[in-house]
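Note that the UniProt record's numbering has the sequence shown beginning at 1, numbered continuously upward.
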Amino acid sequence: MKLINLMFLFLSKPCALEAFKGGHDPMFGFIQPNNVLDIFQRWMVQHSVLYADLSTTWRRFQIFKTNVQRAFELNEKHGGLTTFGLTQFADLTPQEFLKSQMIPGIAKLFNASSQRIFPRSRKSRTQLVSEIDWTKKGVVPPVRNQGKVGTCYIFSTLDMISSRWAMKGNPAVNLSVEQVADCLAVAPDLFSDSLACGINGGLPYAVFRYIKKVGGVTTEEMYPYCVGSGTCKPCAPPGYDPEMCERYPLNDCDKADSCPAKLDTSQFVQGLMVNTWTDVMPEEETIAHVLETEGPLTCAVDASDLQLYKSGILVPDRCRPYDLNHACLLVGYGVDRNVSYWKVKNSWGRQFGEDGYYRIARGIGACGIHRYVSTVTLE
Numbered sequence: 001m002k003l004i005n006l007m008f009l010f011l012s013k014p015c016a017l018e019a020f021k022g023g024h025d026p027m028f029g030f031i032q033p034n035n036v037l038d039i040f041q042r043w044m045v046q047h048s049v050l051y052a053d054l055s056t057t058w059r060r061f062q063i064f065k066t067n068v069q070r071a072f073e074l075n076e077k078h079g080g081l082t083t084f085g086l087t088q089f090a091d092l093t094p095q096e097f098l099k100s101q102m103i104p105g106i107a108k109l110f111n112a113s114s115q116r117i118f119p120r121s122r123k124s125r126t127q128l129v130s131e132i133d134w135t136k137k138g139v140v141p142p143v144r145n146q147g148k149v150g151t152c153y154i155f156s157t158l159d160m161i162s163s164r165w166a167m168k169g170n171p172a173v174n175l176s177v178e179q180v181a182d183c184l185a186v187a188p189d190l191f192s193d194s195l196a197c198g199i200n201g202g203l204p205y206a207v208f209r210y211i212k213k214v215g216g217v218t219t220e221e222m223y224p225y226c227v228g229s230g231t232c233k234p235c236a237p238p239g240y241d242p243e244m245c246e247r248y249p250l251n252d253c254d255k256a257d258s259c260p261a262k263l264d265t266s267q268f269v270q271g272l273m274v275n276t277w278t279d280v281m282p283e284e285e286t287i288a289h290v291l292e293t294e295g296p297l298t299c300a301v302d303a304s305d306l307q308l309y310k311s312g313i314l315v316p317d318r319c320r321p322y323d324l325n326h327a328c329l330l331v332g333y334g335v336d337r338n339v340s341y342w343k344v345k346n347s348w349g350r351q352f353g354e355d356g357y358y359r360i361a362r363g364i365g366a367c368g369i370h371r372y373v374s375t376v377t378l379e
């Protein structure tokens, strides 16, 4: 869209630049009533956003303004502990954000915790170290971007496996999310711990079982991620159940982009094999102990509060501990300004949060982060 058309749109709407409270966004500086349009235009350039028509642009600008106001209110409420601002999701409503980034319909499976059997509590008999950050030990793979599909559970699970692989003295490697997304679909029953719906979401246990069953996983280099950016259109994985998983979102799929055509087991990482996996007791002290002694862990959260998150320690605002909808990787914990936190790796690219990571309050069950944590061992 040409700038002149965008300018015409807003100049023709005299109410477009209604008053905002003055405020500061770490990306764009002070936002005042006379420069919200400029902020929006710069945001569009930064995130390579191009809308289909003027009507869509106008509608997105209205949402953008609402999110500017919302960020101001959140910053005031959190008093500097957390910073909120204009993220890549600033033109989405909260409902659109959840639909575009979360696992659709999978919360009912994350939340079937009454059906899960936990091992005995593994609280440490010795005092926990005050801080641990596995990213500083060179075992956590780089942050990647899942795009607008529900593959977070694959990213978090493969990143945990990759971390364990590096901790055994092997070269760090990005494992192929696309392989698992293209090839894995399991839809047994409502309370199974191994349900997977390809790009429509799933649970970590399904990824563990898949890798053990097929004998391994290849690298990102050999089987690159493409479905999140829309540069490929794989067909639904074998066994995909639309009743459990919802309709497969890709129309006019290409068999050449699909698992049977692309999977080559001879390219699996030599020697990398899943052995056992288990849930971690949903007690934050136990989780911290396992994180310290075993390495990064998969977890699940209600990510509602992450839409405008920029930095700092997130204290729950709207998120609910019993509405889990997003999988991430726990990589550390610590204390900042007398507030205990978890450090979490996300899969929304490095432009999100603190270089692709976020910190969230520890010890209060924030956003349900303690409720679905898993660990794995390799052969």
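No residue lacks a Cβ here, since even glycine has one placed at the ideal position from N, Cα and C.
Keep in mind it's a predicted model, so treat the numbers as computed, not measured.
- The shortest CA-to-CA distance from cysteine 226 to any of Asp182, Val129, Asn275 is the one to Asp182.
- In the three-state DSSP reduction, arginine 350 falls in the coil class, being neither helix nor strand.
- Of the other Cβ atoms in all chains shown, 16 or more fall within 10 Å of the Cβ of alanine 236; this residue is therefore buried.
- When the Cα atoms are used, leucine 330 and cysteine 245 turn out to be separated by approximately 26 Å.
- Taking the Cα of arginine 362 as reference, the smallest distance to any Cα among Glu354, Leu378, Gly332 is reached at Gly332.
- Here the stretch 289-297 makes contact with the stretch 131-148; the two share three or more CB pairs at distances below 8 Å.
- Given a length threshold of 4 residues, each whole run of the alpha helix (DSSP H) inside the stretch 254-314 is given here in chain order: 259-262, 284-294.
- For asparagine 67, the CB contacts under 7 Å within the same chain, skipping 5 residues up- and downstream, are Ala90, Leu308 in chain order.
- Three or more Cβ pairs drawn from the stretch 199-214 and the stretch 152-161 lie within less than 8 Å of each other, which places the two stretches in contact.
- Taking 8 Å as the upper bound for CB-CB distance, asparagine 170 and proline 141 are not in contact here, some 12 Å apart.
- The stretch 259-277 makes no contact with the stretch 299-314, as fewer than three CB pairs between them are under 8 Å.
- Residue range 326-336 is occupied by the beta strand (DSSP E) that includes cysteine 328.
- Contact annotation: arginine 144 and valine 180 have beta-carbon atoms that are not nearer than 9 Å.
- Taking the Cβ atoms as the reference, glutamine 146 lies roughly 4 Å from serine 347, within the contact range of under 8 Å.
- An exposed status is given to glycine 138, since fewer than 16 other beta-carbon atoms sit within 10 Å of its beta-carbon.
- With fewer than 16 other CB atoms across the displayed protein chains lying within 10 angstroms of its CB, valine 45 is exposed.
- Taken atom to atom, the span from the alpha-carbon of threonine 87 to that of phenylalanine 352 is near 7 Å.
- Cβ-Cβ distances below 7 Å link glutamine 95 to nothing in the same chain once the five nearest sequence neighbours on each side are left out.
- Asparagine 35 and serine 48 have their C-alpha atoms some 20 Å from each other.
- With respect to cysteine 319, aspartate 305 sits close: the two C-beta atoms are nearer than 9 Å.
- In the structure shown, phenylalanine 89 falls within a coil segment according to DSSP collapsed to helix, strand and coil.
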